[in-house]
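Per this note's numbering, the sequence shown starts with residue 17, numbered consecutively.
All residues carry an ideal CB built from backbone N, CA and C; glycine is no exception.
Here the structure comes first, spelled out in structure tokens, and everything after it is commentary.
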Amino acid sequence: MIVTEARARRYYEKPTERRKKEKIAARKKMLKRLYMLRRYESRL
Numbered sequence: 017m018i019v020t021e022a023r024a025r026r027y028y029e030k031p032t033e034r035r036k037k038e039k040i041a042a043r044k045k046m047l048k049r050l051y052m053l054r055r056y057e058s059r060l
């Protein structure tokens, strides 16, 4: 139990940090989708 507590504390991030990471991830996802669409269109 103590070990999991320590791990949770180490990996805990503030809501702002989490939101920032989510935003970055979302942007990456969008870029990837655009890239895939472009490749697909160029193949047509």
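- In the structure shown, K37 falls within a helical segment according to DSSP collapsed to helix, strand and coil.
- Going by C-alpha positions, A42 is about 32 Å away from V19.
- Judged by DSSP in its simplified three-state form, K45 adopts helix.
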